[in-house]
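Enquirer:
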Amino acid sequence: MKQSLLSLGTFLLTSIVAATLAAGDAWAVSHQIDPVRDTCTELDCGSVPILGTYSRNDIDTSSTSNFRAVPFVTQVYSNGGECLRLSAVNQTADMEIVLVSPDGTAWRNDDFDSLLPRVVVNTTTRGWYTLQVHHYTGGDSGDDNFVVNYGRYNTGNSGNCTSTTSPTSASLEEIELESQRGLSKQ
Numbered sequence: 001m002k003q004s005l006l007s008l009g010t011f012l013l014t015s016i017v018a019a020t021l022a023a024g025d026a027w028a029v030s031h032q033i034d035p036v037r038d039t040c041t042e043l044d045c046g047s048v049p050i051l052g053t054y055s056r057n058d059i060d061t062s063s064t065s066n067f068r069a070v071p072f073v074t075q076v077y078s079n080g081g082e083c084l085r086l087s088a089v090n091q092t093a094d095m096e097i098v099l100v101s102p103d104g105t106a107w108r109n110d111d112f113d114s115l116l117p118r119v120v121v122n123t124t125t126r127g128w129y130t131l132q133v134h135h136y137t138g139g140d141s142g143d144d145n146f147v148v149n150y151g152r153y154n155t156g157n158s159g160n161c162t163s164t165t166s167p168t169s170a171s172l173e174e175i176e177l178e179s180q181r182g183l184s185k186q
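Under the numbering used here, the first residue of the sequence shown is numbered 1, with each subsequent residue one higher.
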């Protein structure tokens, strides 16, 4: 009888925690993976779409300058020695992409193609790369949706990796502060 009550209690507690987590906002998932390194050369061929929402929550509704921006953050995988391409193909506001490798190298882009950001890097480190998508100023008027295509390609891929993004000279702390405060970019 005690075992049965303990199992029931564990089940109920697990159910409550799961229901609470499921009811909350889901802006990002922890990991995205493109299972295949592609050699195709058509633009964004074989890529995996990442759908997301960048959220802005007003602290003081009487002022549009007092807010907390909640960027979309997830991780994308690279095996190292390959090209990662992250390109926005749809967005409801002017977004920026920041990508940080496991070794701390950071790349960022805003407005590569019209207002659509794109980051293309030849990776040297195997592991999970942190992807952050946010409004280019760090703030906006509300929730903004976007689609970023994530693809893994052979380095030097003539269709997807000919123009790579240079690493940013700003420190990770500066990038984070900029995105939170809406300061102008370097």
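Glycine included, C-beta positions come from ideal geometry on N, C-alpha and C.
Going by CA-CA distance only, name the one from Thr-165, Tyr-54, Tyr-150, Leu-99 that's closest to Leu-43.
Expert: Out of Thr-165, Tyr-54, Tyr-150, Leu-99, Tyr-150 has the C-alpha closest to the C-alpha of Leu-43.
Enquirer: Would you give the residue range spanned by the beta strand (DSSP E) that Val-36 belongs to?
Expert: From DSSP, Val-36 is part of no beta strand (DSSP E); its letter is neither H nor E.
Enquirer: Please state whether the Cβ-Cβ distance between Tyr-129 and Gln-75 is less than 8 Å.
Expert: Yes, the pair counts as a contact, with Cβ atoms nearer than the cut-off.
Enquirer: List in chain order: all unbroken beta strand (DSSP E) runs of 3+ residues lying wholly within the region 93-177.
Expert: Fully enclosed beta strand (DSSP E) runs of 3 or longer: 95-100, 106-110, 118-122, 127-135, 144-153.
Enquirer: In the DSSP assignment, find the beta strand (DSSP E) that holds Asn-90 and state where it starts and stops.
Expert: Taken as a continuous stretch (DSSP letters only), the beta strand (DSSP E) holding Asn-90 covers 83-91.
Enquirer: Mapping DSSP to helix, strand and coil, what is Gly-46?
Expert: Coil, per DSSP.
Enquirer: Give the secondary structure of Gly-52 by DSSP, where H, G and I count as helix, E and B as strand, and everything else as coil.
Expert: If DSSP states are grouped into helix, strand and coil, Gly-52 belongs with the strands.
Enquirer: Indicate whether the contact test is met: 3 or more Cβ pairs, each with one atom in the region 114-126 and one in the region 78-89, closer than 8 Å.
Expert: At 8 Å Cβ cutoff, the stretches touch.
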